[in-house]
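Data first, discussion second: the structure below is written as structure tokens.
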Amino acid sequence: MFFFFLSVGGDHYSTYPLLKAHVARHGKPLSLIQFDAHCDTWPDEYPNSMNHSSMFYYAVREDLIDPETSIQVGIRTFNDDFMGVKILDAELVHEHSINDVVEEILKRVGNRPSYLTFDIDCLDPAFTPGTGTPICGGLTTAQSISILRRLGSVNYVGMDIVEVSPA
428 MFFFFLSVGG DHYSTYPLLK AHVARHGKPL SLIQFDAHCD TWPDEYPNSM
478 NHSSMFYYAV REDLIDPETS IQVGIRTFND DFMGVKILDA ELVHEHSIND
528 VVEEILKRVG NRPSYLTFDI DCLDPAFTPG TGTPICGGLT TAQSISILRR
578 LGSVNYVGMD IVEVSPA
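Numbering (my numbering), first residue to last: 428 to 594.
Structure below.
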């Protein structure tokens, strides 16, 4: 029987300790599938500081995730340093077919142990007014559900849903 861990709630920083636990259990960096409006790879201005906008910067640097097999979907705010993570921004998702988007995700992660993180601000605020960091132009609920349904073959070790506000 197949089991994986699903975490619900909290800000996006909560993904970081979950990644650490999964890497400790599986013994290697994970592929990351990140649905988000923000890349969350910003280096912190203060040493030894980490928050919901920088944890994937640290996750890449600490070999928790493999940037060469990781992908971000729905991004609308960018960091100049992509850290090797593939970005399918919201505009690209709107302009291409769902099958093209899914094919790109599956090609990127392959059959590697993967972690899916779904920050609800990847969706347009028209669909998710209850997020702390809304940005117009996001994915529709139909797009995101259609993509997620087609990702059933991914070798998931865990996933989360974050940034629901009010929680």
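Where is the CB? At the ideal position from N, CA and C, for every residue including glycine.
Please read all numbers here as calculations on a predicted model, not as lab measurements.
Using a 10 angstroms sphere on the CB of Asn526, the tally of other CB atoms stays under 16, which defines it as exposed. In terms of Cβ geometry, Ser524 and Gly557 do not form a close pair [threshold 7 Å]. Proximity of the region 485-504 to the region 583-592 falls short of the contact definition, fewer than three beta-carbon pairs being nearer than 8 Å. The continuous alpha helix (DSSP H) containing Asp527 extends over residues 525-536. Less than 7 Å separates the beta-carbon of Asp516 from that of Ile502. Judged by DSSP in its simplified three-state form, Val450 adopts helix. Here the alpha carbons of Asp490 and Lys455 stand approximately 8 Å from one another.
Within a 10 Å sphere around the beta-carbon of Gly579 sit fewer than 16 other beta-carbons, which makes this residue exposed. If you check the CB distance, Thr544 and Thr442 come in under 7 Å. Only residues of its own chain outside the window of five on either side were considered, and among them His479, Val589, Glu590 have a CB closer than 7 Å to the CB of Asp438, listed in chain order. Apart from the 5 residues on each side of it in sequence, Thr567 sits with its Cβ closer than 8 Å to the Cβ of Leu550, Asp551, Phe554 in its chain, given in chain order. In the three-state reduction of the DSSP assignment, Thr567 falls in the coil class. Short of 6 Å from the beta carbon of Val500, and not among the five residues preceding or following it, lie these beta carbons of its own chain, in chain order: Phe462, Leu515.
Taking Arg452 as the centre and dropping the five residues before and after it, the same chain places the C-beta of Val584 closer than 8 Å to its C-beta, in chain order.
Looking at the DSSP output, Thr544 bridges to Gln461, Asp587. Per the coordinates, the alpha-carbon of Val529 lies some 7 Å from the alpha-carbon of Arg577. In the assembly as shown, Ala569 is an exposed residue. Its beta-carbon has fewer than 16 other beta-carbons within 10 Å. Short of 8 Å from the beta carbon of Ile460, and not among the five residues preceding or following it, lie these beta carbons of its own chain, in chain order: Ser497, Ile498, Val500, Ile532, Val536, Ser541, Tyr542, Leu543, Thr544, Leu578, Val581.
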